[in-house]
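Remarks on the structure that follows.
Residue numbers (our numbering): 109 to 358.
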């Protein structure tokens with residue numbers, strides 16, 4: 109075993125963007141927030157620090173952008189939910205026009221006359237469907253109609269449709285806003301620049317810990333190694349959980 113404690117390989121390329129950004133933020137705190145820079149014990153230059161500080165917010169924004177894909181998945185799920193609800197609503201009303209219970213039969217005929225123009229709206233383009241569902245809900249909220257919906261036992265279906273459509277409209281607006289603000293550099297490009305800065309700064313810090321060792325350089329190397337160990341452990345835990353979930357699915 110050598111005399112000097114070396115900085116461990118961080119394995120940055122295997123980390124996803126969120127893990128990478130968390131690691132780099134923690135590294136920044138170790139290098140600049142927790143070390144007294146009066147005598148510059150780590151030897152990191154002001155230019156390197158400034159360059160790193162420029163990249164960190166970019167990487168954070170790019171991580172936030174990744175939520176767009178999450179929104180897309182949620183939108184697909186919500187669209188299916190409201191399609192199923194619309195079909196169930198219109199089919200149920202249509203069928204209950206033949207109900208042996210007169211109150212249901214009468215209510216169903218009145219409600220059917222209201223929803224008839226909306227039958228098949230689930231086939232419309234998504235944004236058009238959102239507006240059509242809003243129109244359907246408005247018509248079914250008109251005076252006297254909610255009581256008919258209660259008679260047909262469809263209030264819960266209508267409430268679910270309203271909630272799904274409102275959430276769909278909200279997520280659509282959110283995704284549009286995110287995309288409008290997403291003209292940023294690709295995360296791969298930012299990560300390459302940050303990798304270079306990280307390599308340079310950790311190399312300089314290690315050299316300083318050998319050439320001009322202090323309590324601060326020793327603490328930095330030890331704590332950075334602990335951060336690398338923790339990050340690797342969390343990465344392994346995430347990958348292991350994903351593999352276990354895939355195996356259970358199979």
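Beta carbons: idealized from backbone N, C-alpha and C, even for Gly. Source: prediction; values computed, not measured.
Alpha-carbon spacing of residue i relative to residue j, whole angstroms
i: residue 328; j: residue 139; result: 7 Å
i: residue 253; j: residue 126; result: 50 Å
i: residue 235; j: residue 330; result: 55 Å
i: residue 289; j: residue 111; result: Since pLDDT at residue 289 reaches only 47, below the 50 mark, its modelled position is unreliable, and no value is offered.
i: residue 222; j: residue 242; result: 14 Å
i: residue 292; j: residue 166; result: Residue confidence for residue 292 is low, a pLDDT of 49 falling below 50, so the modelled location carries little weight and cannot support an answer.
i: residue 272; j: residue 279; result: 11 Å
i: residue 181; j: residue 277; result: 14 Å
i: residue 169; j: residue 239; result: 32 Å
i: residue 356; j: residue 346; result: 15 Å
i: residue 163; j: residue 232; result: 43 Å
i: residue 298; j: residue 267; result: 45 Å
i: residue 117; j: residue 183; result: 40 Å
i: residue 246; j: residue 172; result: 36 Å
i: residue 123; j: residue 300; result: 13 Å
i: residue 156; j: residue 150; result: 12 Å
i: residue 256; j: residue 219; result: 7 Å
i: residue 320; j: residue 354; result: 50 Å
i: residue 350; j: residue 202; result: 45 Å
i: residue 211; j: residue 237; result: 31 Å
i: residue 121; j: residue 141; result: 25 Å
i: residue 154; j: residue 148; result: 10 Å
i: residue 344; j: residue 338; result: 10 Å
i: residue 313; j: residue 270; result: 59 Å
i: residue 342; j: residue 303; result: 20 Å
i: residue 214; j: residue 189; result: 28 Å
i: residue 322; j: residue 315; result: 12 Å
i: residue 207; j: residue 228; result: 23 Å
i: residue 258; j: residue 283; result: 36 Å
i: residue 306; j: residue 294; result: 19 Å
i: residue 200; j: residue 224; result: 12 Å
The alpha helix (DSSP H) enclosing residue i, as first and last residue numbers
i: residue 132; result: 125-136
i: residue 317; result: 295-319
i: residue 215; result: 210-223
Inter-residue CB distance, residue i and residue j (contact presumed, cutoff 8 Å)
i: residue 73; j: residue 262; result: No information on residue 73 is available, as it lies outside the stretch 109 to 358 that the chain covers here.
i: residue 325; j: residue 317; result: 4 Å
i: residue 335; j: residue 135; result: 7 Å
i: residue 230; j: residue 191; result: 4 Å
i: residue 216; j: residue 260; result: 6 Å
i: residue 115; j: residue 332; result: 6 Å
Extract the residue ranges of the alpha helix (DSSP H) inside the segment 236-287, only unbroken runs of 4 or more that lie entirely within it.
253-260
Ignoring anything shorter than 3 residues or poking outside the segment 160-196, list the beta strand (DSSP E) runs there in chain order.
none
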